[in-house]
Structures are given as C-alpha cells and as structure tokens.
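A.B. asks: Take this structure, written in structure tokens, and hold onto it; I'll ask about it next.
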Amino acid sequence: MKTYTRVVNGSQVTINAVETHEDIQDFVAFGKANLGWLACDTETTGLDIYSDNFRLRTVQFGNEREAWVLPVERLGRLPAIAALLNVNKLVFQNASYDLQVLEQCLGVKGLWSKVVDTKILAHLIDPRGKTEGGTGHSLEDLTRHYIDADIADGVKGLMKALAADTKTPVAQVFATVDYSNPDYQLYAGMDTILAARLARKLMPLVPAESKPLIRSEHKLAEVCAVMERTGFLLDVDYTTKLSGRLSEIQDKSESEAAGFGCENVNSTEQVADVLEARGHKIPERTPCGKRKVDKVLLTRLVEQGDEFAKSVVTAKQARKWRTTWVDGFLTQMDGAGRCHPAINPLRARTARMSITGIPAQTLPAGDWMIRRCFLADQGQVMVSVDYQAQELRVLAALSGDQTMQKAFRNNDDLHQITADASGVDRKIGKMVNFAYVYGSGPRNIAEQAGIGVDTAKKVIQGFEKSYPQVKRLSQELQKQARRDGFINTPFGRRLPVDQERPYAALNYMVQSSSRDITAGGLMRLHDAGITPYLRLPIHDEVLASVPADKAEKAAKKIGELMCTRFKGVFIGTDPEVGGRSWGSLYGSDY
DNA sequence: CAGGTTAGCACC
DNA sequence: AAACGGTGCTAACCTG
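Numbering (the working numbering), first residue to last: 89 to 678.
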C-alpha cells in the first residue's frame, strides 16, 4: 500500500492506494467504519464510455480526511462492489458519468437512490457558470471556490505535469499512466476527499426554498442517465450515403468558389475580399470591426443571382451538415450502431437542459435529412409529444394575465390578438409575442421584423396594453432583481439576475419554469415505467421509440402523463406518431 | 502546440 | 427610455 498525506484547507488528509490483496483488508475496515456515507469516484481510460476499448481502472472511496484507491483492473472488482452496495449514501461529482461506468464495467445497478451529487447541489446554490460571475460547477471550480484554491490548481497540475513528463496528450494519460504512478494515485484519491468536503459544505448552502429540488433533480438525472445509456439507433447505411453525398456537394461547390479566387469558403476574410472584388458592398461590421459576411448577406446576393455567393452558401452548408452532424454520428456510434447523447439535465442558469453528442436541440428543423439518420428500434416507431405553446402558456400562468389565459381557454389566436392591438400582420404579432418573452427591445424587434423602430414601439405598446399583467410581472421581477440580485421561481429555484440586465428576469422566469414543467413530465413518465422508451428531451418536447402496434395508444398515454396544470392554466400536449425514422416526423416517408 | 476567443449557424 | 433569453458545434484566428 502506498500512503500520501497532504494538507487541504489547513487540515491533513491521507490517501491510501491499495496495491496488494493484503491491503484490501484495511480498505474493508475503512468501509465498515464509514457505512453512513462516502464519496466515490472512478478513473477510466477516457471519456469515450461506449467505445470498445473503454475500461474502468480504479474506484475510489473517501470521506473528508481519508481516501482509498482500488485498482479494480488489477485486484478484481469485488471489494469495490461490496463497498458500493454496503454504504448508505454515496457522494459523487456528476454521478451520471460514474454510475454509467459502474453499471457498465462492474454490473452494479440501482445506486441512484443513494446518490448525493455535488454538481446538483452547486447548481441549486448558484446556477451561473464561471464566465457569468458564478462559481462554475466542475470539481476543479468548486474546489477552488469552496475548499482550497491551491489544491484546485495542484490537482489540475498533477495530470497536466504527468502528460508533459510522458509526452502524451492529457486525454490519453488516463489510459496509459501506470497505476503505481504516485501522481496518478494522489489525483485519483484526492477527488473523493474534495467531493466529500463539498457535500458537507454545499448541503447547508442550498436555499431553503430550493430544498425540494434536491430530490427531484436527482430523480431527473436518473431519467436522463437512462436515456443516455439507451442511446438512439443510427441508420448506418443511410447516414454513410448521406455523408458521401454531402462530400460531393461540398467538393463541387468549393472548387467553383476556388474558380472565383476563394481558396477557403470558411474564411470570412477571403469571402469578403472576393465579394468586394466583384463589386459588392459589405455594409455591416462584426463587434470586432471586421466585415460581416453572414447568411443574411450571402442569401441576398444569391437572390441577386451572384454565382460565387451561391457556391459559398452551398459549400458551407454541405460541410457544416457533414462535419457537425452526419460524420459525428458515424464516429461516435457504439458497436451496436447506437449513438449516446450526453444529456445535462441541469445546464443553463435557468436550469434548462442541454444535449451534446447528438446536438438534438440544434438540428435543422426545416429539413428531415439529418433527423432521418435516427431510427426507432426494430418493430417500433417514433413518437413525439410536445407541449402546446409552452412558454406562452407559462407566461399566462405566471403573470395571471386574464386576456392571455382567456385566449388559451377559448383557443383564440393569441398572435392575432397581439397583431390587432396595433394593426399589424399576424406574423409580426407572433414575433413580438416571442420577442417580448426574450426581452427584446424596439430596435431589435424592428430589425427582425423588417419594420421601423417606431412601428416596433407601437406593437410593443399594443402588447403591453393587451396583456397588462404581463407587463406588471416583468416590472415586479425587475424590481426584485435589482433589490435582491436574484428572483425565485414557483418551483423553488433561485435565479441570479445581472444588475446591468434586469430586463432578462422575465425570460429567466419563463424559461426556467418551462424547463421545470418538462422535467415534471419526464419524471411522471419515469414513474409510469416509460423511461426505457424515451430517447431525448428537447426543450418542450419528448421523443420516444414505441412498439409499432401500440403506437397510437402509447403516444396518447405519454401525452396524458406529460400535460399538467400550472397556476390554474392547462399546459396541454400534442402527441404525434411517426414512422420508423425520426425524419418521418419532419416529412420524410420512412 | 494547446487552449481560449470570435464569428457564424443551428435550434427553442 | 431602452434593453434579444438560452443552448452546442466548427473553423478560423489569436495568445501564452
């Protein structure tokens, strides 16, 4: 056994790295003395959890003073499994990852009921990232802020130094470094001590009104973790062919652009040079003062019949689609042809979820081509259930606005009501309904809608006159934000609002409450045993793969479980049954 | 050369 | 009086 001592925030800690079978007895004694709770962490060969050569290397346990590192790949998995099963509460930093690892590599299931996740606690205390003036939510950031800045730097430095010493990229070090390396053992053990200390420190800092969220966020994390693990079946044949087709389009268009003297269509500077040489004016500038060449400008030029602009637009889109989506799907799919999204159930300041891997929230909505890559399982079809006008209904509920609530009750056309208030087209009324929730000002609305600033002001005034309680809510929230620096949502969330942008408070309120309504729906689906069929949550929508012969019934059931009443306002759902591919819900015939 | 920033483009 | 909220990804560009 190797033993290390360090000082963390003024007190000494010990890290024990098990090296022989005899050492295990000492670990067992430690476990028996700490049955109440322990922090746990794993070291693996990398983060590519679903790749074939992914391996679990060590499992670590620790309390606030002492950590133990178990080399499961060397000495077997039994001591680690026994400890996982025996300890009452397990503290993790980002449990989702480690629990997937433990289930996949050790076959241990059912741990979620024991989990305390420090990342969840940290987000409930301050949901802001580091760049937004918050603490951030990584172990390193939390350690720096709440425990010991030197240790945070030191731990980070350990693996970096190791990478430099062995001349391997940091990501690869985890797979190649020898278990007996002292820096590695120290690094592995220290994380559990830090997580244990964080748990102690953070628990009392969760605002009283947010306490109920501790439970529900752990539950939601479990639901999302199951969706990640299940993954989404990829149509490999279609996806491969699509990649090839996009490559051809890209090559052709790039060589056309080269013919006009532009070697790299992704270089804004080069494209700007050629455009100016062709006699086009580039009126707009980016925040840094560079010539702004974006889609708006380029499509205008395409409409004017400029062949170069056409090549650039086509090449850029083909490349973007191929690299960002299609090729990504193919490289990250697992051995069974499934892609596993990474779902962060608690991401934004507003707690909005985010999805990476399959960036499901940002796939083109106007075209089925990309979504066509994904399939319902064998014998199943795709089902999508979304909330009807979720954010506007939430706004109606939060504000208590009678006109808005009545419009929803009677199925009146809310966008037309806004439009009529100032005598503009429905399209503009719709835009302003959304823009108001986003906190847009007159200038922005004018630009977006292609109307004058004066007209935009009139439409906003019309909105505020139509829904007076919405305006009142916004003002009330801004007052609170200025006074307290944060607002509270009906779900118990505390949302910091920057002093220089109090107008954002309304959006935070609406966005966060909407997220919590979707989250509630997901948890009800979980309780009903539907989680295995779920594929993705996408803002106000849940995507599922269900048996084809019971699809209509299943979709209806999901819709019923998801819909809810919020402050007296019914938030209904719209179930839709598709075919085999996700694209079928967007117009593809398969 | 790694890592961060900017610009642009998707979505709700 | 005016105020565009949030996310991810890539390529190019910049910096230590």
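Glycine included, C-beta positions come from ideal geometry on N, C-alpha and C. All values derive from a computational prediction rather than experimental measurement.
(1) Any chance the stretch 141-158 sits against the stretch 279-291, with 3 or more Cβ pairs inside 8 Å?
(2) In terms of residues, what are the limits of the alpha helix (DSSP H) holding A397?
(3) In or out: D628 buried (at least 16 other Cβ within 10 Å) or exposed?
(4) Looking only at DSSP bridge pairs, what is Y92 linked to?
(5) Under 8 Å between the Cβ atoms of V175 and I137?
(6) Within 10 angstroms of its Cβ, does A276 collect 16 or more other Cβ (buried), or is it exposed?
(7) Using alpha carbons as the reference points, say which of V469, D501 and R459 lies closest to A477.
(8) Taking the Cβ atom as the reference point for each residue, do L322 and I443 lie within a distance shorter than 8 Å?
(9) Can you list, in chain order, the residues of its chain with a C-beta nearer than 8 Å to that of Q490? Leave out the 5 residues immediately preceding and following it.
(10) In angstroms with no decimal places, state the Cα-to-Cα distance between G393 and A365.
(11) Does DSSP put C376 in a helix, a strand or coil?
(12) Assess contact between the stretch 558-570 and the stretch 590-608, defined as three or more Cβ pairs (one per stretch) separated by less than 8 Å. Is contact present?
(13) Can you give me the start and stop residues for the alpha helix (DSSP H) that Q536 sits inside?
(14) Roughly how many angstroms separate the alpha carbons of V598 and F522, rounded to a whole number?
(15) Starting from A127 and walking both ways along the beta strand (DSSP E), at which residues does that stretch end?
(16) Go through its chain and collect everything with a Cβ distance to T256's Cβ below 7 Å, but skip five positions before and after it.
(17) Buried or exposed for A453, please, with buried defined as at least 16 other CB atoms from any protein chain shown within 10 angstroms of its CB.
(18) With 16 other CB atoms within 10 Å as the buried threshold, where does N354 fall?
(19) When you compare only the Cα positions, how much space is there between L144 and Y185?
(20) Smallest Cα separation from F417: which of E479, L330 and K197?
(21) Are the CB atoms of L293 and I213 nearer to each other than 8 Å?
(22) Apply the 10 Å Cβ neighbour rule to L166 and answer buried if 16 or more other Cβ atoms are within range, or exposed otherwise.
(23) Assuming the contact rule is C-beta atoms closer than 8 Å, R285 and I235 should be a hit. Round their C-beta distance to whole Å, please.
(24) Can you tell me the Cα-Cα spacing of A251 and D229, whole angstroms?
(25) Check each candidate in L227, A171 and A309 and name the one with the smallest Cα separation from G608.
(26) Under 7 Å from any heavy atom of the ligand ZN, does the C-beta of A616 make it?
(27) For a test of the three-state rule: what should DSSP assign to G347, helix, strand or coil?
(28) How big is the Cα-Cα spacing for Y526 and L594?
(29) Run the CB neighbour count on Q466, radius 10 Å, all protein chains shown included, and call it buried at 16 or more, exposed below.
(30) In this structure, how does DSSP classify F142 when only helix, strand and coil are distinguished?
(31) Compare the beta carbon distance of V359 and G349 with 8 Å and say whether it is the shorter of the two.
(32) Could you say if the stretch 369-379 and the stretch 387-407 meet the contact criterion of at least three C-beta pairs nearer than 8 Å?
(33) Given a threshold of 16 other Cβ atoms within 10 Å of its Cβ, counted over all protein chains shown, does C461 qualify as buried or as exposed?
(34) Could you give the residue range of the beta strand (DSSP E) that holds I659?
(35) Can you check which of these residues, K177, V106, K90 and E110, is closest to G124 by C-alpha distance?
(36) CA-CA distance, Y267 and V196?
C.D. replies: Based on what the coordinates show:
(1) yes
(2) E395 to K408
(3) buried
(4) I103
(5) no
(6) buried
(7) D501
(8) no
(9) Q557
(10) 16 Å
(11) coil
(12) yes
(13) P530 to A537
(14) 11 Å
(15) W125 to T132
(16) T264
(17) exposed
(18) exposed
(19) 12 Å
(20) Of the candidates E479, L330 and K197, the one whose C-alpha sits nearest the C-alpha of F417 is L330.
(21) yes
(22) exposed
(23) Taking 8 Å as the upper bound for CB-CB distance, R285 and I235 are in contact here, some 5 Å apart.
(24) Computed Cα separation, rounded: 21 Å.
(25) A309
(26) You won't find the ligand ZN in this model; it holds no ligand whatsoever.
(27) helix
(28) 8 Å
(29) exposed
(30) F142 carries a coil assignment under DSSP once its states are collapsed to helix, strand and coil.
(31) At the C-beta level, V359 and G349 stay beyond 8 Å of one another.
(32) no
(33) buried
(34) V657 to I659
(35) K177
(36) Spanning the alpha carbons of Y267 and V196 requires a straight line of approximately 23 Å.
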